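Following: one structure in structure tokens, then a few remarks.
4 protein chains.
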Amino acid sequence: MYLEIDFSSDEAIYQQLCNQIILGIATSQFSDGEVLPSVRQLADDIGINMHTVNKAYTVLKQEGFVRMDRRKGAVISVDSDKKHAIETIRKSMIPLIAEAICRNLTREDVGEIVNGLYDEYGEYEKKAQKGELPSQYRDEKDNPAHA
Amino acid sequence: MYLEIDFSSDEAIYQQLCNQIILGIATSQFSDGEVLPSVRQLADDIGINMHTVNKAYTVLKQEGFVRMDRRKGAVISVDSDKKHAIETIRKSMIPLIAEAICRNLTREDVGEIVNGLYDEYGEYEKKAQKGELPSQYRDEKDNPAHA
Amino acid sequence: MYLEIDFSSDEAIYQQLCNQIILGIATSQFSDGEVLPSVRQLADDIGINMHTVNKAYTVLKQEGFVRMDRRKGAVISVDSDKKHAIETIRKSMIPLIAEAICRNLTREDVGEIVNGLYDEYGEYEKKAQKGELPSQYRDEKDNPAHA
Amino acid sequence: MYLEIDFSSDEAIYQQLCNQIILGIATSQFSDGEVLPSVRQLADDIGINMHTVNKAYTVLKQEGFVRMDRRKGAVISVDSDKKHAIETIRKSMIPLIAEAICRNLTREDVGEIVNGLYDEYGEYEKKAQKGELPSQYRDEKDNPAHA
DNA sequence: GTGGTCTAGACCACA
DNA sequence: GTGGTCTAGACCACG
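Protein chains in written order, with this note's numbering: chain A, 15 to 161; chain B, 15 to 161; chain C, 15 to 161; chain D, 15 to 161.
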């Protein structure tokens, strides 16, 4: 998978890394059980410090997207406790909705944004709704780019 | 308006301040044209340093929620360029939707979160839809043709 | 004359006032010998503090656009020492030209800007060239005079 | 590059710093992609406070002369949107041209000032016209598709 | 009285 | 080591 990092962003690099990987999972470029590149390799690929990659993996683990396997390294393993997820998303969404309201966006406007993003990224969703999950590894097309 | 700051949060104080004020605008606790407390005043009120408040005001200005009037100080003045707003919100929402998809939340789940938040905070929205807005500048001498 | 003040500008009000008045002179809305409004009246008209108007008048006097008459108040009286003027303009122009160069604007681009502004504001210039002003300089291509 | 600060000037130090650096870019003493000294370093070098340098860098970033690279610090990166640049320059030039007109300077006089300054500072211009620019980002990993 | 600027010194997250 | 944040206290220009 190709990871885009903007070194001039105000977002921390490890944070961008997390987000990109989460996006990769959402778009089925990474699938459950897949192994992420080693810290050192990914760091070299992107041209960043090893510590930074390490931090990203640690955060992903804490947030339940990855588990650390002693032999394989970081392995995708999405923890989907719906109630907890909703609460998390809700909390992060408060400032965004507040801004939307201030800018005179209606809930329909926001709904369109959400739908647009689901259309764009929601590969995982399609699978889920076709009941293909959680029969976990149903990988006919999941030849993820490079590791 | 009562502003709550969590000093043990990992979110920067000035950032919390920004969010609280934006929330205040969304819920009509602050309305367009209203003057915010002076940096010193607000700093004293919530027990933080003047400069921290100043930074919050500066960010709010830059993001188009406030303008600095040389006579009155910081004045609520929401810049509602819909197109720009949508783009901003969309960008900040990408990681959230990605996470939602990973956690198997459907777009309907997310829609409910959005609606819940609109119900909770959307005072401003109600006004807007009743046509009471926009009256961006109330002051007779405050809206010069060019900046 | 109508004076436009932007209270949200980063430029000080007295400074804007000065610039507007100078612009008024350039466009012949104020002419030599004309009396400016009293400090109090202008302050009331614009809705600003008397001190601010006072400061503007003081600066205009120092810069040689106005003289203070004990009975009439501030009187337009433009001091046009060409050599001194050139040196002043040159100094203020340095950062602008530096910026222009950085942005890849050619000297022709800047020349066009200058000409555009002369076309827009140069009432005074027309008089000068018609010989209505102190015959002085009626030379279309004179001494370089710059550093 | 040697930066000269006049501590007795009425111009803010951070503003002088900005102007000096812009001048440095114009004269090719700084070139695109070059890394500026760290805030602490530069502050020590010229004997001012870290925060003052920081403010200068922040302003330069906001005005599109510099970007903040999370790995390298402040990097010269001139944003040359010609249309925007012209509008900016034009606005700052209005008071200068107004003054010039008042002082009976012809457009030719001003043109000479402009040319003089271009002759003195326009190193960057020469390169640009030889086609050596634009190569805005030299770094292979520094130019992500989206910010 | 306001915000803007500058200084000084501190801690922390990031890389 | 970097910049980002926060604090504290000071002076000044502006209004």
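Every residue gets a Cβ at the ideal spot worked out from N, C-alpha and C, and that includes glycine.
If you're wondering where the values come from, they're calculated on a predicted model, not measured in any experiment.
| task | Consult DSSP for residue 64/C and reduce its assignment to one of helix, strand or coil. | result | In the three-state DSSP reduction, residue 64/C falls in the helix class (H, G or I).
| Which residues in the same chain have their Cβ closer than 7 Å to the Cβ of residue 82/C, if we skip the five residues on either side of it in sequence? | Contacts found: 75 and 88.
| Between the Cα of residue 70/A and the Cα atoms of 136/A, 121/A, 29/A and 122/A, which residue gives the shortest distance? | When each option's Cα is compared against that of residue 70/A, the closest is 29/A.
| Taking buried to mean at least 16 other C-beta atoms within 10 Å of its own C-beta, is residue 104/C buried or exposed? | Classification for residue 104/C: buried.
| Best match in 131/B, 126/B and 115/B for proximity to residue 133/A [C-alpha to C-alpha] | Measuring from the Cα of residue 133/A, the nearest candidate turns out to be 115/B.
| query | Are the stretch 93-104 of chain C and the stretch 116-136 of chain D touching by the rule of at least three beta carbon pairs closer than 8 Å? | reply | As far as the Cβ criterion goes, the stretch 93-104 of chain C touches the stretch 116-136 of chain D, which means the pair count is three or higher.
| field | Interface partners of residue 106/B on chain A, CB under 7 Å | value | Those within 7 Å of residue 106/B in chain A are 110.
| Which residues share a DSSP beta bridge with residue 167/C? | No statement about residue 167/C is possible, as the shown extent of chain C runs from 15 to 161 and does not include it.
| query | What does DSSP give as the partner residues of residue 194/C in its beta bridges? | reply | In the structure displayed, chain C extends from 15 to 161; residue 194/C sits before or after that span and is not available.
| Proximal residues of chain C, C-beta to C-beta of residue 136/D below 7 Å | Neighbours of residue 136/D on chain C, chain order: 115.
| task | Alpha carbon to alpha carbon, how far is residue 61/D from residue 23/D? Give it in angstroms, no decimals. | result | When rounded, the separation of the alpha-carbon atoms in residue 23/D and residue 61/D is 16 Å.
| request: Could you work out which residue in 118/B, 135/B and 112/B is closest to residue 128/A when comparing CA atoms only? | output: Just measuring C-alpha positions, the residue of 118/B, 135/B and 112/B sitting nearest residue 128/A is 112/B.
| said: I'd like to know whether the C-beta of residue 128/A is nearer than 8 Å to at least one C-beta of chain B. | reply: Yes, residue 128/A lies at the interface with chain B (some Cβ there is under 8 Å from its Cβ).
| field | 7 Å Cβ cut-off: residues of chain D touching residue 36/A | value | None at all; the shortest Cβ gap to chain D is about 17 Å.
| request: Hey, could you find the ends of the alpha helix (DSSP H) residue 39/B is sitting in? | output: Boundaries of the alpha helix (DSSP H) harbouring residue 39/B: 27-40, taken from the DSSP string.
| Beta-carbon separation of residue 56/C and residue 90/C under 8 Å? | Residue 90/C sits away from residue 56/C, with the two beta carbons spaced by 8 Å or more.
| task | If I'm right that residue 118/C touches residue 42/D with Cβ under 8 Å, what's the distance once you round it to whole angstroms? | result | Going by Cβ atoms, the distance from residue 118/C to residue 42/D rounds to 13 Å, so no, they are not a contact pair.
| query | CB-CB under 6 Å to residue 58/C, same chain, minus the five flanking residues each way: which ones, in chain order? | reply | Within the same chain, no residue comes within 6 Å of residue 58/C by CB-CB distance, once the 5 residues on both sides are set aside.
| request: Using a Cβ-Cβ cut-off of 8 Å, state whether residue 54/D counts as contacting chain A. | output: No, residue 54/D lies away from the interface with chain A (no Cβ there is under 8 Å from its Cβ).
| Skipping 5 residues on each side, what residues in its chain have a beta carbon closer than 7 Å to that of residue 39/D? | Closer than 7 Å at Cβ, skipping near neighbours: 79, 90, 92 and 138.
| Straight-line CA distance for residue 72/C to residue 65/C? | Straight-line Cα distance between these residues: approximately 10 Å.
| message | Counting C-beta neighbours from all protein chains within 10 Å, is the total for residue 107/B 16 or more, i.e. buried, or is it exposed? | response | Per the 10 Å Cβ criterion, buried.
| Given a limit of 7 Å on CB to CB distance, which residues of the stretch 70-85 of chain B reach chain C? | Per Cβ criterion, the list reads 81, 82, 83, 84 and 85.
| Proximity winner among 52/B, 18/B and 35/B, relative to residue 109/A (alpha-carbon distances) | Ranking the options by Cα distance to residue 109/A, first place goes to 35/B.
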